[in-house]
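Undergrad: In this text, residue positions in the sequence shown follow my numbering: the first is 48, and each later residue adds one.
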Amino acid sequence: MRIPVMADPGQKSDDTSSRVRPTALITGVGRTIGIGAGIARQLAASGWDIAFTFWTGYDERMNWGIEAGATDAIAQALTARGAAVAAIEADLTDTTAPAAIYDEAERRLGPVTALVMCHCESVDSGLLDTTVESFDRHFAVNARATWLLIREHGRRFRGRHGDGRIIALTSDHTVGNLPYGASKGALDRITLAAAHELAHIGISSNVINPGPVDTGWMTEAGRAGCIRQTPLGRLGTPQDTANLVDFLCSPQGQWINGQLLLSNGGLA
């Protein structure tokens, strides 16, 4: 894991006891057009301080590459919405990363109330062409890191009973995308187990399937096909997912627990 030294005008002071804004930790916030960034902006506007993680090593392996200046742009958008911000670069294949992320988030912003997991490893391959290395990396990031982050959240949460939140983003796509879909299936089970195993400390835990959201990865043919299969006649947007996360993190969303929620416009 690597924690960069970076200017952070929205960072809280060392005395966090008088702060009234709760802190949300959002993983996988690497690009300004991503779902994670959309969620971060919405929660910041709703009164949350934001710690977010990113990993440039993943982006540079993907077709879209690294978005220059994305971390600073996201942080500036959050501070403009009144949030104190901590940007943390972290390699989630490293089993020590979740504890180090929480250490840094708590040092800079105070205790974490909501954990929102948008991180993923996603490289297309099927049953016959997936390598063992790729399979293991998908499970390390999408399943194992999810478990370790949830475990860290459960161990450290000291908020009021009922205020804690865990939300993870999933997918049901497996055909031609085997390691991604299979590891996301494991993520579902891990996250939903937390709704029961962490009930005694007052943390609710839910999974969201946002359906197809074009954040720069879709082909024209894929985009057109998804639109045809969606009754509302459009693709999902990061804001669609952010609206649901915002509700779940609000007091009004407290009673929603242990659910896999489809926020996909009725995609068939």
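From the three backbone atoms N, C-alpha and C, an ideal C-beta is built for every residue, glycine too.
If you follow the alpha helix (DSSP H) that N290 is in, where does it begin and where does it stop?
TA: P285 to C296
Undergrad: Should W102 go down as buried or exposed, given a rule of 16 or more other Cβ atoms within 10 Å for buried?
TA: buried
Undergrad: Ordered along the chain, which non-local residues of its own chain (more than five positions away) have a Cβ less than 7 Å from that of W194?
TA: Here the set comprises I237.
Undergrad: Can you name the start and end residues of the beta strand (DSSP E) that A187 belongs to?
TA: Segment: none, A187 is in no beta strand (DSSP E) and carries neither H nor E.
Undergrad: Check this for me: beta carbons of L125 and A161, under 8 Å apart or not?
TA: no
Undergrad: Would you give the residue range spanned by the beta strand (DSSP E) that D119 belongs to?
TA: Counting along the chain, D119 falls outside any beta strand (DSSP E), though it belongs to the alpha helix (DSSP H) covering A117 to A127.
Undergrad: Could you compute how far the alpha carbon of L241 sits from the alpha carbon of A268?
TA: Note on identity: in this sequence residue 241 is Ala, with Leu being the wrong assignment. A241 and A268: Cα-Cα distance of roughly 38 Å.
Undergrad: Can you say whether S297 is buried or exposed, counting buried as having 16 or more other CB atoms within 10 angstroms of its CB?
TA: Classification for S297: exposed.
Undergrad: Use the C-beta contact count for R205: other C-beta atoms within 10 angstroms, 16 or more gives buried, fewer gives exposed.
TA: Exposed.
Undergrad: Residue ranges of each alpha helix (DSSP H) run of no fewer than 4 residues wholly in the stretch 151 to 188, ordered along the chain?
TA: 179 to 185
Undergrad: To the nearest whole angstrom, what separates the beta carbons of I4 and A289, a pair I think is in contact under 8 Å?
TA: Because the chain in this structure spans residues 48 to 315, residue 4 falls outside the shown range and cannot be described.
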